[in-house]
Amino acid sequence: MKADLLILDDWGPDRLTAGQRRDLMEIVEDRHGRGSIIITSQLPVETWHDVIGEPTFANAILDRLVHNAHRLPLDGPSLRKARPADGAPETGSKTAP
1 MKADLLILDD WGPDRLTAGQ RRDLMEIVED RHGRGSIIIT SQLPVETWHD
51 VIGEPTFANA ILDRLVHNAH RLPLDGPSLR KARPADGAPE TGSKTAP
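Numbered by the UniProt record's numbering, the letters in the sequence shown go through residues 1 to 97 in order.
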(Lines of atoms letter the chains of each structure in order from A and count residues from 1; the text may use other names and numbers.)
(Lines give C-alpha, C1' and ligand atoms only; values in the text may rest on other atoms or scores of the structure.)
Protein backbone atom coordinates (compact mmCIF):
# COMPACT_ATOMS: atom_id res chain seq x y z
CA MET A 1 0.00 0.00 0.00
CA LYS A 2 1.32 3.44 -0.88
CA ALA A 3 0.39 6.56 1.02
CA ASP A 4 -0.67 9.69 -0.85
CA LEU A 5 1.43 11.78 1.53
CA LEU A 6 4.75 11.09 3.25
CA ILE A 7 5.81 13.36 6.12
CA LEU A 8 9.46 13.57 7.18
CA ASP A 9 9.35 15.47 10.47
CA ASP A 10 12.37 17.25 11.98
CA TRP A 11 14.57 16.21 9.09
CA GLY A 12 18.30 16.76 9.05
CA PRO A 13 19.63 17.07 12.59
CA ASP A 14 22.30 14.44 11.78
CA ARG A 15 24.32 13.71 8.66
CA LEU A 16 22.99 10.71 6.71
CA THR A 17 24.81 7.40 6.57
CA ALA A 18 25.41 5.70 3.21
CA GLY A 19 22.44 3.40 3.82
CA GLN A 20 20.16 6.27 4.78
CA ARG A 21 21.22 8.18 1.65
CA ARG A 22 20.32 5.21 -0.57
CA ASP A 23 16.98 4.74 1.23
CA LEU A 24 16.11 8.43 0.91
CA MET A 25 17.05 8.43 -2.78
CA GLU A 26 14.86 5.39 -3.39
CA ILE A 27 11.90 6.96 -1.57
CA VAL A 28 12.23 10.34 -3.28
CA GLU A 29 12.72 8.76 -6.70
CA ASP A 30 9.71 6.46 -6.22
CA ARG A 31 7.46 9.33 -5.12
CA HIS A 32 8.69 11.91 -7.64
CA GLY A 33 5.63 13.05 -9.60
CA ARG A 34 3.42 10.39 -7.98
CA GLY A 35 3.10 11.29 -4.31
CA SER A 36 3.57 14.26 -2.04
CA ILE A 37 6.26 14.70 0.58
CA ILE A 38 6.17 17.19 3.44
CA ILE A 39 9.50 17.87 5.11
CA THR A 40 9.84 19.84 8.32
CA SER A 41 13.31 20.92 9.36
CA GLN A 42 14.97 23.46 11.58
CA LEU A 43 17.82 23.61 9.07
CA PRO A 44 17.76 25.95 6.08
CA VAL A 45 17.44 24.17 2.74
CA GLU A 46 20.86 25.53 1.79
CA THR A 47 22.46 23.16 4.35
CA TRP A 48 20.65 20.00 3.23
CA HIS A 49 23.35 19.17 0.66
CA ASP A 50 25.86 18.79 3.52
CA VAL A 51 23.41 16.72 5.59
CA ILE A 52 22.87 14.28 2.74
CA GLY A 53 26.60 14.00 2.23
CA GLU A 54 27.85 12.41 -0.97
CA PRO A 55 27.44 15.07 -3.72
CA THR A 56 25.97 12.83 -6.44
CA PHE A 57 23.20 11.59 -4.14
CA ALA A 58 22.65 15.06 -2.68
CA ASN A 59 22.25 16.62 -6.13
CA ALA A 60 19.83 13.93 -7.29
CA ILE A 61 17.70 14.02 -4.13
CA LEU A 62 17.55 17.80 -3.84
CA ASP A 63 16.86 18.22 -7.56
CA ARG A 64 13.70 16.16 -7.10
CA LEU A 65 12.67 17.81 -3.82
CA VAL A 66 13.58 21.48 -4.05
CA HIS A 67 12.70 22.47 -7.61
CA ASN A 68 9.02 21.53 -7.31
CA ALA A 69 8.64 22.53 -3.67
CA HIS A 70 6.32 24.98 -2.01
CA ARG A 71 8.32 26.45 0.86
CA LEU A 72 6.67 27.78 3.99
CA PRO A 73 9.39 29.44 6.07
CA LEU A 74 8.27 30.06 9.63
CA ASP A 75 9.70 32.95 11.58
CA GLY A 76 8.96 34.10 15.07
CA PRO A 77 9.42 33.07 18.66
CA SER A 78 9.42 29.43 19.66
CA LEU A 79 6.03 28.25 20.83
CA ARG A 80 7.77 25.70 23.04
CA LYS A 81 9.35 28.50 25.06
CA ALA A 82 5.93 30.05 25.68
CA ARG A 83 4.60 26.96 27.46
CA PRO A 84 4.94 26.34 31.19
CA ALA A 85 7.09 23.43 32.38
CA ASP A 86 4.06 21.09 32.66
CA GLY A 87 3.43 21.45 28.91
CA ALA A 88 -0.04 22.92 29.30
CA PRO A 89 -0.80 26.01 27.24
CA GLU A 90 -0.79 29.28 29.12
CA THR A 91 -4.32 30.49 29.84
CA GLY A 92 -3.57 34.13 30.55
CA SER A 93 -1.72 36.36 32.92
CA LYS A 94 -2.03 35.80 36.63
CA THR A 95 -2.25 38.60 39.13
CA ALA A 96 -1.51 38.54 42.82
CA PRO A 97 -4.61 38.59 45.12
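Every residue gets a Cβ at the ideal spot worked out from N, C-alpha and C, and that includes glycine. The structure presented is a predicted model; accordingly, all values stated were derived computationally and were not measured.
Determine the direct distance from the alpha carbon of residue j to that of residue i, and round the result to whole angstroms.
i	j	result
THR40	THR56	23 Å
ILE52	ASP10	14 Å
LEU62	HIS49	7 Å
ALA69	ASP75	19 Å
If you drop the 5 nearest sequence neighbours on each side, which residues of the same chain put their C-beta closer than 8 Å to that of residue i?
i	result
ARG64	VAL28, GLU29, HIS32
LEU5	GLY35, SER36, ILE37, ILE38
Per DSSP, residue i forms a beta bridge with which residues?
i	result
ILE39	LEU8
Between residue i and residue j, which are expected to be in contact by the criterion C-beta below 8 Å, what is the C-beta distance as a whole number of angstroms?
i	j	result
residue 99	ARG21	No answer is possible for residue 99: the residues shown for the chain start at 1 and end at 97.
With a threshold of 16 other CB atoms inside 10 Å of the CB of residue i, please say whether the residue is buried or exposed.
i	result
LEU16	buried
residue 111	Beyond the ends of the chain as shown, which are 1 and 97, falls residue 111; an answer cannot be given.
Looking only at its chain, what residues have a beta carbon closer than 7 Å to the beta carbon of residue i, apart from the 5 residues adjacent to it on each side?
i	result
ASP60	At residue 60 the sequence reads Ala, which differs from the Asp that was named. Around ALA60: MET25.
In chain order, what residues of the same chain have a beta carbon less than 6 Å from the beta carbon of residue i, not counting five sequence neighbours either side?
i	result
LEU43	GLY12
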